[in-house]
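Written out below as structure tokens is the structure these notes cover.
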Amino acid sequence: MCEVTKEMVKLWKMDKYDWMYYKVSDETPFTYHHLFIPTRKDPKRTIENGAVLCGNCKLPSAGGSHAYIHIIEKIDPDRFDAISLILAEVNFQGFMTTQKQFEAIDDILKGFEREYCSLKTNKKEPLIKESFVKRGIY
């Protein structure tokens, strides 16, 4: 885990769940997610531009919110933007996702899942993995 992520986990007093209320595990550890796309001029990770998610965004098969949010970004940019705004709000407030924020994220994800449940990957596997729909309960 990078130093910025470690610092954010400490500041937001996190232990079991990430900002989208996905459970952290050995397979899906805390990871840093840029809230706003970094530029080549300024690709660094900062607390102000980050969200703490879980999983590996480059390895969707492992599951976790980080991989899932990037799938959503490719398929449905409007829903990605809506989730990103809530995550930016969590960053700005300086404490964990509230029940109202969690419910808003959950509603967005459920809408995505209803609309795109039939999509398959190039390998003919479901795009929306079972692990993506298993979120914590606030």
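By the numbering used here, the letter at position 76 of the sequence shown is numbered 86, and the numbering carries on one by one without gaps.
We put the CB at the ideal spot given by N, CA and C, even for glycine.
By the Cβ-count criterion, Thr131 is exposed, with fewer than 16 other Cβ atoms from all chains shown falling within 10 Å of its own Cβ.
Of the candidates Asp25, Met11, Lys139, Lys139 places its Cα closest to the Cα of Ile79. As DSSP reads the structure, Thr15 sits in no beta bridge. For Phe40, the enclosing beta strand (DSSP E) starts and ends at 40-44. DSSP places Lys23 in the coil class of the three-state scheme, outside both helix and strand. DSSP, reduced to helix, strand and coil, places Lys84 within a helical segment of the structure shown. If you compare the alpha carbons of Ala61, Lys84, Glu37, Pro136 with that of Glu99, the shortest gap goes to Ala61. With contacts defined by Cβ atoms closer than 8 Å, Asp25 and Cys64 do not form a contacting pair. A contact is defined here as three or more CB-CB pairs under 8 Å, and the stretch 102-120 fails this definition with respect to the stretch 32-45.
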